[in-house]
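**Q**
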Amino acid sequence: LMGPTGSGKTTFIDKIAELEGAKAPHGVGSHTQDIREHEVKLYDHCEYVFVDIPGFKDSVRPPIQVLHMVADWLGRK
Numbered sequence: 004l005m006g007p008t009g010s011g012k013t014t015f016i017d018k019i020a021e022l023e024g025a026k027a028p029h030g031v032g033s034h035t036q037d038i039r040e041h042e043v044k045l046y047d048h049c050e051y052v053f054v055d056i057p058g059f060k061d062s063v064r065p066p067i068q069v070l071h072m073v074a075d076w077l078g079r080k
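Basically my numbering = 1-based index in the sequence shown + 3.
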């Protein structure tokens, strides 16, 4: 999932994956620093892969650096 910092990407993945104790911190600011991958089987018994990346529009790293992280990650898959 891609989006601005604080838009709820990590919270969405944690909820859909029903991750016990894996709650995203509240508040605005970048909390996801690395790419996180979660394989999830949903009600239709299909397996989905949700990929959480650091947010855009934050002060920790410029968007181009996030895109390079994603490109590197995809290159390894």
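A virtual CB, placed ideally from N, CA and C, is assigned to each residue, including glycine.
Fair warning: this is a prediction, and the values are worked out from it, not measured in the lab.
With 16 as the cutoff for other CB atoms within 10 Å, does V63 come out buried or exposed?
**A** Here residue 63 refers to the residue found at position 60 when the sequence shown is read from its first residue. The residue in question, V63, is exposed, as its Cβ has fewer than 16 Cβ neighbours within 10 Å.
**Q** Under a three-way DSSP split, which group does D61 fall into?
**A** Locating residue 61 in the sequence shown gives position 58, counting from the first residue. Coil at D61, not helix or strand.
**Q** Please state whether the Cβ-Cβ distance between T13 and D55 is less than 8 Å.
**A** Translated into positions along the sequence shown, residue 13 becomes position 10. Translated into positions along the sequence shown, residue 55 becomes position 52. Yes, Cβ-Cβ distance for T13 and D55 is below 8 Å.
**Q** Tell me the residue span of the beta strand (DSSP E) that contains D55.
**A** Residue mapping note: residue 55 aligns to position 52 of the sequence shown, counting from 1. 50-55 is the span of the beta strand (DSSP E), which, as asked, contains D55.
**Q** What is the DSSP secondary structure of K18, reduced to helix, strand or coil?
**A** Mapped onto the sequence shown, residue 18 falls at position 15. It is helical.
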